[in-house]
Each structure stands twice: as C-alpha cells, then as structure tokens.
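See below for the structure under consideration.
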Amino acid sequence: MPERATSPRTEEPSRRLEKTFEPRAFEERWYALWETEGRFQPSGPAGSPRYVMVIPPPNVTGRLHVGHALGRTLEDVLARWRRMQGQRVLWVPGTDHAGIATQMVVERELAKEGVDRKALGREKFIERVWAWKKEAGGAILVQLRRLGCSLDWSRERFTLDADLSRAVRHAFVRLFSEGLVYRDRYVVNWCPRCGTAVSDLEVVHHEVKDGKLYHIRYDVPGVRSGAVVATTRPETMLGDTALAIHPEDPRTEKLKGRKATLPLVGRTLPIVEDPILVDRAFGTGVVKVTPAHDANDFASAQRNELPAIVVIGPDGRMTAEAGAEFAGLDRLEARKKVLERLTAENRLAKVEDYPGSVGHCQRCDTIIEPYLSLQWFVKIAPLAEPAIRAVREGKIRFAPESWTKTYYSWMENIRDWCISRQLWWGHRIPAFYCDEGHVTVSEEDPSACATCGKKNLRQDPDVLDTWFSSQLWPFSVFGWPRETPDLAEFYPTDVLVTGYDILFFWVARMIMAGLHFTGKAPFHDVHLHGLVRVDGEKMSKTKGNVIDPLEAIDEFGADALRFALTSAASNGPTVSLEKHRLAGSRAFATKLWNASRFALGQFEGERPAGDPPSKHLELPDRWILSRLSSAAAEVSSRLELFRFDEASQTIYAFVWHELCDGFIEMVKPRLSGTNAAPESRSAARETLARCLADSLALLHPFMPFVTEEIWEKLTGRAGTLIVTPFPRPRAEWSDPRAEKSVEALRALVTRVRNFRSERGAGPTEPAELAL
RNA sequence: GGGAGGUUAGCUCAGCGGUAGAGCGCCUGCUUUACACGCAGGAUGUCGGGGGUUCGAUCCCCUCACCUCCCACCA
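Under this note's numbering, residues 213 to 983 are what the first sequence spells out, in order.
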C-alpha cells in the first residue's frame with residue numbers, strides 16, 4: 213500500500229505503519245487457517261438446522277469477473293451469517309464444463325498452432341480439452357478463495373465428473389422412457405459458425421434498422437398479374453415448395469387451386485390455402501413456403517404435406533439443392549446474387565425498408581439460421597406445470613418478488629427444448645443406432661440393439677446442451693441418483709443466489725428437474741441479484757470500465773471489495789459499482805481498524821472481560837448498547853430479506869457514526885481517568901469492548917478478514933470469529949430513553965471539542981462531561 | 001406485439017402515506033488520548049409533467065413524457 217502523501221507532518225514511522233492496515237498481510241493466513249481447521253465444512257450441534265447452497269458453477273474457462281464476485285460474496289455473507297447463527301452450513305463449490313464456450317477456447321488455442329479440430333479427430337480433441345482443463349481450467353476457484361468464499365472444497369464437483377455424468381445419463385434415459393425426451397426433424401436455431409443447433413434461449417435478437425422487405429413476382433399460369441410475395445430473406449426462395457394464401461382473402465381468390473412457377477429455379481409450386489400461416493391483413497396476402505428454413509413454414513408444410521428442400525447447409529453455404537448457380541455461395545452472397553438475378557429478370561416488384569430483428573448466436577454473434585435437422589428435444593410442458601405450481605403454492609419464493617411474474621410468463625409459454633448439440637465436448641447422448649435405424653437408449657453402453665439384437669451399434673455423435681447437466685446440479689453434486697448420505701442430509705438445498713440473467717437458462721430448469729426427478733423443489737428461496745454496471749454502463753472491455761475483482765482485491769483488499777459489493781446490492785436490476793465505493797469501503801475497514809487500536813489501547817495487554825457491568829452503566833453506555841442491540845436486530849432482519857445493502861449500511865452507520873463518532877468521543881474523558889471514578893472508567897472500557905466485539909461479529913460476514921485479524925488481537929484466539937455466535941438483539945439493553953437524551957450530550961461534547969480546538973486549549977475535564 | 005423496471009442532492013443510488021436520506025463530490029474550519037482512508041460544521045432537491053384519492057402524497061390511483069431491460073416463429 214502506498215504511503216499517504218497528504219500529511220506534511222512527519223511522525224515516527226513505526227506509529228504510521230500501524231495507522232493503516234495491510235490486507236495482504238493476513239488475508240491469506242486467515243483463509244488457510246479456516247480451511248485447515250475445517251470451518252467450511254458443515255458442523256454444529258446435532259439437530260441444529262442445516263443451511264445449504266450450491267454455487268452456480270462457473271465455466272471452467274472462467275476468470276473471476278465482478279458479476280461472480282457479487283454473487284459469491286452475497287452467498288458467502290449468507291453462509292457466514294448462518295454459520296455464526298449455529299446452523300450446519302454447507303456451500304458446495306464446482307465448475308461447469310460449458311460445452312460451446314470451452315470447445316471454442318480450445319479450438320482457438322489449436323488454431324494458433326495451425327491445427328483444425330476436425331483434422332485432429334474427436335478423441336484427440338477431447339483429450340486436448342481435458343489437458344487444457346487440468347492445466348488452466350478452474351482458475352476461478354482459486355480466485356474465489358481470495359474473495360474469502362467459505363466453500364467446502366472437500367465436496368468440489370465438475371459437471372463432467374463420473375458421478376455427475378452418471379446422473380446426466382440417468383436423467384436422459386428416464387425422460388426418454390417417460391416419453392419426455394424425443395428425437396425429431398424440426399427447424400431449429402442453427403449457428404453456422406459453431407456448426408451446431410442451439411436452444412431458443414441461446415439466440416439473442418438484435419435490431420436491424422436497415423432491413424429490407426423484398427417483393428418478388430412469381431408467375432402463375434392463367435393469372436396475368438402472377439403472385440407477389442414479400443420476404444426479408446430472398447435467398448431462401450430457392451427452397452420454396454409452395455405458396456400459401458388465406459382461403460377467405462378476396463385479394464387472392466383468383467389464385468385458388470392454381471400453380472406458381474418458382475423464379476430462377478423453374479420449379480412448379482402448389483398454391484395452398486393455409487389460414488394459420490397467412491395473415492389476411494398483412495402484406496400481399498401471398499406467402500412463400502420454405503419448410504426447411506422457417507419454423508412456421510415447416511409447420512405449414514406438415515399440415516399441407518409439402519416437401520422440404522434444404523438450400524442452406526450447416527456451414528451457412530448454399531447446398532447443391534439451391535442450384536448450380538448458387539451452390540457453395542455463402543448465404544449472404546447468395547442473397548445478393550439472387551437479388552441481382554431477380555432484378556435482371558424484372559421480378560423484383562418493390563423493395564421497402566423494413567426494420568426488424570435478427571437472431572444472433574449468443575456465443576459468437578453469427579446470424580442464426582433456421583435449419584431443418586434431426587435433433588433431440590425435451591417435451592417441456594409436462595415438466596413446467598408442476599414447476600409453476602411449486603411457485604404458486606409458495607414452495608419456492610423469489611426475491612425480489614417481482615421476478616415471480618417473469619417466471620410465470622416464461623413457463624406458461626414454454627416451448628420444447630432442443631438439447632442436442634453438434635459438438636464434441638460434453639455429455640454424449642446415450643442413444644445408439646443399429647443399421648436398421650432402431651434406437652437404443654440406455655444408461656450402460658448396450659452391446660446389442662434393443663429392438664433387433666444387431667450388434668454393430670453406433671452412438672449418437674452429439675452431446676447434450678450444457679444446461680442439461682446444470683439443471684441437475686443441486687442434487688447431482690450429492691451423488692444422485694445414488695442414495696448417498698449427503699443426498700439424504702443436504703438435499704433439498706435452501707437458497708439459490710444468482711443473477712437474473714440465468715433465470716430461464718438455469719433456475720427454471722433446476723426447478724423443473726428437481727421436482728421431476730426428486731419430487732422436491734431443489735431450494736425454497738431464490739435470490740436474483742442485479743447485474744453489475746460501472747458508472748451507469750454495462751461493463752465492457754472496449755469501454756475500459758471493467759473492474760477486475762482481483763485487481764480490486766490487490767488495491768483495496770478483499771474486505772473492501774466485498775463491502776462495496778454488498779452495500780451496492782439493492783433489489784433493483786442493476787448494481788451500480790463505482791470506484792469510489794471501493795475506496796469508501798476500504799476507508800471503513802481502516803476506520804474499524806483504528807477504532808480497534810484505540811480500544812485495545814485502553815486495556816494495555818489485559819483482555820477485556822465479557823459483558824459490561826450492569827451496575828455502573830452511564831448514559832452513553834446505555835445509549836450505545838441500546839443502539840448495538842438495534843443494529844444486531846436490523847442486520848439479521850435485513851439479511852432474512854436478502855437486503856444486503858441495508859444490512860451493510862446498518863453496520864456502517866452504527867460503527868462509524870455511533871460507536872466511533874458518538875460513543876468513543878463521549879467517553880474519552882472517562883477513559884483518561886484522572887477525574888473519573890474507577891467504576892466509571894471500567895464501565896466505559898467494558899462497554900467499548902463489548903461494542904467492538906459485537907461489531908466485529910456483525911461485520912464478519914461482510915468483511916471476514918479484517919474482523920478476524922482484529923478479533924485475534926482482542927481475544928487472543930486465532931481464527932475463531934468465524935464460529936462466534938452472531939450478535940442478537942438484547943431486550944435488557946434496549947433503552948429508548950437513553951437514545952433520546954444522548955443527543956444533548958453529543959452536542960455538548962462537540963461544543964467542548966470545538967471550543968478546545970478553537971482556543972488550542974481549554975477546560976480539559978469540564979464537570980458536565982463526567983456524566 | 002406483449003411484459004417488467006426506472007425517472008429522488010453535482011454523480012451513483014436507498015427510502016416511502018405524516019417536517020426529504022446515504023456514499024462520493026463541493027464549501028468552511030481543525031496537529032482533538034485511534035483514524036486526513038480522519039474530525040466538526042455547512043450548502044444543494046417544486047422527489048420527471050399533469051390530474052385524482054386523502055386531514056395530509058415523493059410514496060396510493062389515472063394519465064402523459066422519456067429511459068432500461070426481458071420475452072415474442074408474423075412473411
């Protein structure tokens with residue numbers, strides 16, 4: 213830590229060093245001690261309530277960013293607070309294999325070596341990913357230790373561990389046997405760059421303001437004006453297999469029962485009547501039907517028994533089916549070329565501006581292509597229904613509560629979940645195919661087809677969506693489906709804390725999976741915290757406003773980072789973290805440090821005793837104890853409601869403004885002792901000690917390191933604050949009268965201080981102060 | 001096209017039926033038995049606009065404006 217440069221005056225260096233504290237000097241020490249003494253493992257008197265959380269497993273590729281820092285700090289606050297309350301706390305750590313994300317990282321590494329994944333082959337590639345994981349993966353877990361997270365490392369899990377893989381397979385097989393997992397040809401969201409299907413949630417829509425709507429004239433023999441269709445994606449016309457009209461639209465009456473000719477291709481297209489696909493009030497009343505590249509068109513094709521022709525391949529290039537002229541072209545080049553040809557043939561009737569939104573791949577931002585392919589799905593409605601009910605019945609509560617509505621509206625309109633991914637890294641789908649085309653789905657690799665007994669089985673090459681395994685996390689970490697002691701003792705968990713951005717991806721799916729597979733809601737409380745913004749903006753590297761939690765820990769200390777995060781964590785959708793909050797939090801830690809130095813100085817080596825003597829308490833003593841009691845009540849009641857900001861601000865105000873600015877200043881004359889009665893001095897000292905000890909305890913969940921460091925100095929016991937009982941309000945300390953009358957006393961003390969500082973000297977011990 | 005949230009001090013945000021709050025910033029003093037990452041004091045708000053309910057509204061209701069974010073297969 214740099215030396216202060218503000219004060220021109222010099223003091224002896226030994227004293228100066230003591231004024232501020234150096235977090236690096238003790239953070240590591242305390243963490244190591246807590247860990248080696250097993251403080252992070254569940255303990256406590258038999259029969260005491262347990263309190264269980266699972267970490268939202270960060271990607272193995274992850275580095276700790278400020279969003280993680282927030283969520284994990286909030287969890288750690290809860291864990292430490294409950295532990296101090298005497299509960300058997302278990303907080304399970306682990307990481308997620310993160311299919312696409314990890315595969316991309318390793319592919320990028322390979323690319324640097326000029327190696328292509330496909331050239332390497334599946335097996336070698338997977339080996340390579342494991343090697344990468346072993347070496348570089350999970351760095352984030354080390355970083356969580358620096359944050360102070362009291363995770364039980366003896367129970368660390370990885371979503372691709374043997375146990376968890378077994379859970380995934382069990383879940384898949386069970387859903388299949390229940391008819392809730394099926395394989396089908398369907399138009400899915402396809403990312404041509406990643407070369408895989410993705411779920412609806414993995415598609416992000418961006419506005420396209422310069423979008424165009426192209427009106428194309430198709431010839432219709434017998435109808436002079438032909439048919440004009442409008443489309444935003446003209447290249448898909450090469451895959452048209454019909455035109456559709458609404459049966460009751462007078463505009464298109466004359467097209468009924470006729471055929472159209474597909475421009476550029478010459479294919480004859482039936483004109484079908486489809487009141488579901490065609491909106492009478494929209495456009496020209498004629499819709500081109502491209503079953504392979506549009507989900508609505510595909511549905512229409514099924515209703516009308518139309519063929520589907522795939523014209524855009526999995527790599528985003530036009531297939532041979534698109535015709536020799538276009539085959540091999542990238543889809544966007546093909547669009548240009550199609551438009552050129554249509555213009556040349558004078559078939560482009562009109563081009564209008566048509567702003568709209570286009571789906572992009574969440575991972576790589578490539579434009580998503582609707583693509584007809586054979587995929588695995590989870591039939592979701594039967595799973596959603598009980599999940600909705602669990603929330604309706606109050607078995608699961610969201611905090612802030614407003615998320616409940618969002619949850620319902622998503623769950624009530626949920627669509628089947630595409631779970632197969634054309635990737636290599638992940639849980640391989642336990643489906644096996646024989647030459648006859650039969651499917652065998654089984655937990656153990658089958659040796660023969662379950663239908664025909666043929667031996668040469670091929671396993672489905674695809675892997676499962678990474679979220680398929682994460683949805684099992686709250687119970688798979690405990691060994692499910694085996695009936696382990698941990699599963700019996702620690703499942704269901706109590707609270708889940710995460711950002712609202714993965715409410716659908718993860719939280720909703722865990723609820724569905726938990727209820728379906730275990731019959732129990734996986735947790736009873738969900739706290740959805742906001743997303744961290746810096747200076748009002750979403751953090752981004754290009755804007756340079758990223759706060760790196762590790763750098764913040766280096767500069768301000770882990771305690772300051774944690775306190776800044778908790779005090780900013782209100783229940784709104786954004787958590788605004790500014791640099792000055794970090795500095796302010798560090799100042800608070802320093803304040804506490806110095807107040808402790810002062811207090812310890814009053815004891816000169818003796819250890820302060822326990823409770824203050826009740827006989828000789830004076831007004832300031834009764835006041836501060838009353839305030840302490842209120843603060844203790846307030847902190848817990850705020851934490852019950854996940855109001856971390858209010859809880860931390862309560863302690864801040866108590867420690868700084870009441871204990872330091874108020875009590876210590878009022879009591880200094882009594883402590884100096886020359887004029888004060890010994891029992892007065894003693895009462896002041898013991899009250900001070902009590903307040904300090906309880907402040908440390910109240911603050912420990914938020915600032916575990918400094919408080920533990922001071923605690924050792926105060927009590928002589930190393931690393932025990934973490935298991936010291938959390939302060940509770942005490943009826944016998946509550947003293948409303950003292951709270952009222954102390955105002956006058958504080959004002960008096962201030963006046964005397966100011967009087968002294970104005971005169972440079974003054975009455976050292978005014979009689980009034982000996983109150 | 002639906003839905004949610006926001007608009008409070010210069011900045012970032014709490015609050016919420018009964019004389020407006022915090023942190024940071026700003027101004028004025030200050031070598032005070034710890035702390036200048038400090039102490040004491042101070043300034044600053046028609047609590048987005050307009051209506052309504054109420055004895056009383058920043059807070060409840062309606063409405064308008066502007067912002068943010070989610071969800072959505074309308075060519």
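Even for Gly, the Cβ is constructed at its ideal location relative to N, Cα and C.
Keep in mind the model is a prediction, meaning the values are calculated, not measured.
Buried or exposed, going by whether 16 or more other CB atoms sit within 10 Å of the CB of residue i?
i, result
"Asn401", "buried"
"Val675", "buried"
"Ile759", "buried"
"His280", "buried"
"Ser614", "exposed"
"Pro220", "Note that Pro220 scores a pLDDT of 35, beneath 50, so its modelled location is shaky and nothing firm can be said."
"Val964", "buried"
"Phe538", "buried"
"Ser621", "exposed"
"Arg940", "exposed"
"Cys646", "buried"
"Cys630", "buried"
"Thr531", "buried"
"Thr678", "buried"
"Asn783", "buried"
"Arg543", "buried"
Let me know the secondary structure DSSP gives residue i once reduced to three states.
i, result
"His741", "strand"
"Asn401", "strand"
"His912", "coil"
"Thr786", "strand"
"His277", "coil"
"Ala507", "helix"
"Pro482", "strand"
"His382", "helix"
"Ala943", "helix"
"Thr652", "strand"
"Val563", "strand"
Pick out whichever of the options has its Cα sitting closest to the Cα of residue i.
i, options, result
"Leu933", "Leu910, Glu368, Glu955", "Leu910"
"Ser892", "His828, Arg949, Ile863", "His828"
"Asp431", "Leu467, Ala258, Ile863, Cys576", "Leu467"
"Gly407", "Met265, Glu533, Glu581", "Glu581"
"Thr502", "Ile483, Thr273, Ser569, Asp375", "Ile483"
"Val477", "Asp461, Asp452, Ala456, Gly306", "Asp452"
"Gln253", "Thr652, Pro305, Thr273, Trp242", "Pro305"
"Pro261", "Ile267, Arg300, Met724", "Arg300"
"Ser894", "Ile338, Thr531, Val879", "Val879"
"Leu684", "Asn887, Ala725, Lys666, Asp328", "Ala725"
"Val410", "Glu419, Asp577, Arg553", "Asp577"
"Pro446", "Arg553, His572, Val327, Arg798", "Arg553"
"Ser953", "Ser907, Ile922, Leu831, Asp509", "Leu831"
"Asp565", "Lys421, Arg334, Ala770, Glu517", "Lys421"
"Arg378", "Glu877, Ser946, Ser842, Pro642", "Pro642"
"Arg633", "Lys607, Ile312, Tyr426", "Ile312"
Near residue i, what residues of its chain come up, given a Cβ to Cβ distance below 6 Å and the 5 sequence neighbours on each side ignored?
i, result
"Arg251", "Ile934"
"Tyr703", "Phe687, Phe690"
"Leu740", "Trp615, Tyr712"
"Leu387", "Val393"
"Leu981", "For Leu981, the predicted model reports a pLDDT of 38, less than 50, meaning its position is unreliable; a value from the coordinates is still stated below. Closer than 6 Å at Cβ, skipping near neighbours: Pro881."
Just to confirm my understanding: we take residue i, look at its own chain, exclude 5 residues before and 5 after, and list those with CB closer than 8 Å. What are they?
i, result
"Thr778", "Thr285, Leu286, Val289, Phe856, Asp857, Ala859, Ser860, Phe914"
"Trp303", "Phe252, Val264, Met265, Val266, Ile267, Glu287, Asp288, Ala291, Cys361, Ser362, Leu363, Asp364"
"Pro594", "Leu392"
Return the chain-ordered list of same chain residues with a C-beta closer than 7 Å to the C-beta of residue i, the five sequence neighbours on each side being excluded.
i, result
"Val435", "Lys466, Leu467, Arg470"
"Ala507", "Val399, Pro582"
"His382", "Glu655, Pro693"
"Thr936", "Met296, Ala909"
"Pro800", "A quick correction: the sequence has Phe, not Pro, at residue 800. Result list for Phe800: Phe775, Tyr864, Trp868, in chain order."
"Gln814", "Leu883, Arg897, Leu900"
"Lys666", "Cys646, Asp647, Glu648, Ala660"
Going by the DSSP bridge assignment, what does residue i pair with across the sheet?
i, result
"Thr710", "Leu740"
"Asn271", "Asp308"
"Arg529", "Asp542"
"Gly571", "His417"
Please find out if some non-hydrogen atom of the ligand ADP comes closer than 6 Å to the beta-carbon of residue i.
i, result
"Trp344", "As presented, the structure is devoid of all ligands, the ligand ADP included, so that no description of it is given."
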